[in-house]
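Letter by letter, the sequence shown follows residues -3 to 339 in the numbering used here. Even for Gly, the Cβ is constructed at its ideal location relative to N, Cα and C. These figures come from a predicted structure and were not determined experimentally. Here's the structure we're looking at; comments come further down.
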Amino acid sequence: MTPYDAPSAQATASEQPLLDAFARRVSYLRVSVTDRCDLRCVYCMAERMVFLPKAEVLTLEELDRVASVFIGLGVKKLRLTGGEPLVRKGFMGLVRGLSRHLQTGDLRELTLTTNGTRLAQHAAELADLGVQRINVSLDTLKPDLFRQLTRGGDLAQVLAGLAVARAAGISLKINTVALARDNAAEIPALIQWAHGEGMDLTLIETMPMGEIEADRTDQYLSLKTVRDDLASYWTLEELPFSTGGPARYVRIKETGGRLGLITPLSHNFCEACNRVRLTCTGTLHTCLGQDDATDLRAVMRGGGSDADLAVSIRAAILGKPKGHDFQIGGAPSVARHMSTTGG
Ligand code: SAM
Ligand code: SF4
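What follows is the structure, encoded as structure tokens:
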């Protein structure tokens, strides 16, 4: 018996792929398992962040159930994120439960995005459960700046986590938010370090999500500018590689590594979008940059069956917006925080 007597993916399977009204096939689900975090990154959270009441957050059983219904509908890649997924109590049990779908082949990839502070404790078990790749967010290699940007984080913990994960055979990708004031000058060094350690690195533009007590305009750095700067001393070779997401990839000839560029503000990436997001409260968002929402928690807590969940999911995906229209500066374009939605 699987944990929580959870449904198998087959229970809700259907021959029909999950298609939206623009014939985009949804095969990738990101789930935020908690809005809580042990860090307070300046662009992500307010310093005195008010977290959700526990009763509003999906239980581990509900998370397993809804993810399994998505897998039954043809989702092949599942990313667990947050907040910080590794601070959620019972998180490893959730991964253990969901890994059954890797064993059956219904799920191709189970992965997570983490700040890395607790990776050293959990990486070996994650690898045992079939997690082969992990994204770790890291914006600087300077301990003091790291402490400042994360409002109290310890860089050494993250570096130790990376080392343990690598030793466990997990492929690592670094996510770096490009910040005009704080790390712009360090970006080439970060890329060299990551590539030297055999890790890809993806740069992310700051996105206007959630109130953070500051204006993001002064930290916004266009990746077009960064790319032009890098291209003035490195050879950037376009790669056709795509994950169906917002990242575009280049290989840097001199370092031999891959660089991803996520440019939600300066480049439109919606035509090939294959993903949807579930918040930790069970709200399904079919577009990161729009306020469309479907409450799957209400279906579950209202006594709905897995088939009812599947109907709600299909209807939401049919309504997936064609694209987003973020604007930097002023009020956030989207009121919810990335930590609730799951980055
Ligand atoms: N705590 C984990 C972490 O930091 O990797 C997972 C959740 S975090 C919300 C996921 C990603 O979102 C991180 O790479 C973080 O840098 C990014 N992020 C958070 N707020 C953002 C914002 N306003 N704009 C762009 N990226 C953001
Ligand atoms: Fe926490 Fe990740 Fe947000 Fe930083 S980016 S505050 S680590 S959720």
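key: D196 (DSSP reduced to helix, strand or coil)   = strand
request  = State the beta-bridge partners of A174 as determined by DSSP.
outcome  = E201
query = Who are the near neighbours of H263 in its chain, counting only those whose CB is closer than 7 Å to its CB and skipping five residues on each side?
reply = Its pLDDT being 48, under 50, H263 is placed unreliably by the model, and nothing is read from it.
query = Does the distance from the CB of E234 to the CB of L219 come in under 8 Å?
reply = Taking 8 Å as the cut-off, the Cβ atoms of E234 and L219 do not count as close.
ask   = At a cut of 8 Å, does the segment 90 to 107 reach the segment 134 to 146 through at least three beta carbon pairs?
value = no
ask   = In terms of residue numbering, what span does the beta strand (DSSP E) encompassing K73 cover?
value = Taken as a continuous stretch (DSSP letters only), the beta strand (DSSP E) holding K73 covers 73 to 77.
inquiry  = One question on the structure: do G315 and D288 come within less than 8 Å of each other, judged by their Cβ atoms?
reply    = yes
task = Give the C-beta separation of V272 and H281 to the nearest angstrom, bearing in mind that I take them to be a contact with Cβ-Cβ under 8 Å.
result = 7 Å between Cβ atoms; contact.
task = With a threshold of 16 other CB atoms inside 10 Å of the CB of T136, please say whether the residue is buried or exposed.
result = buried
ask   = How about V29 and F66: do their beta carbons lie closer than 8 Å?
value = Taking 8 Å as the Cβ cut-off, V29 and F66 do not qualify as a contacting pair.
ask   = Looking only at DSSP bridge pairs, what is A243 linked to?
value = Its beta-bridge partners are I258.
query = In three-state terms, what does DSSP make of I67?
reply = Helix, per DSSP.
key: Three-state secondary structure (DSSP) of D291   = Strand.
ask   = For the ligand SAM, any of its heavy atoms closer than 7 Å to the Cβ of T259?
value = no
inquiry  = Classify E250: buried if its beta carbon has 16 or more other beta carbons within 10 angstroms, exposed otherwise.
reply    = The residue in question, E250, is exposed, as its Cβ has fewer than 16 Cβ neighbours within 10 Å.
task = Would you mind stating whether L292 and V62 have Cβ atoms separated by less than 8 Å?
result = In this structure, V62 lies closer than 8 Å to L292 by Cβ.
request  = Measure how close the beta-carbons of K169 and M203 come, nearest whole angstrom, since I'm counting them as under 8 Å.
outcome  = No, K169 and M203 are not in contact; Cβ-Cβ is about 18 Å, not under 8 Å.
ask   = Does at least one heavy atom of the ligand SAM sit under 7 Å from the Cβ of Y24?
value = Not so, every heavy atom of the ligand SAM lies at least 7 Å from the Cβ.
inquiry  = Taking a contact to mean a Cβ-Cβ separation below 8 Å, would you say E80 touches R26 in this structure?
reply    = no
ask   = Which residues in the same chain have their Cβ closer than 7 Å to the Cβ of D34, if we skip the five residues on either side of it in sequence?
value = E80, V83, T113
request  = Can you check DSSP and say which residues form a bridge with H281?
outcome  = Answer is R273.
ask   = Quick one, which of V22, T279, Y39 has its alpha-carbon nearest Q144's?
value = Y39
Contacting residues, own chain, Cβ-Cβ under 6 Å from G278 (five flanking each side not counted) = L54, L292, R293
task = Kindly identify the DSSP beta-bridge partner or partners of N131.
result = T109, K169
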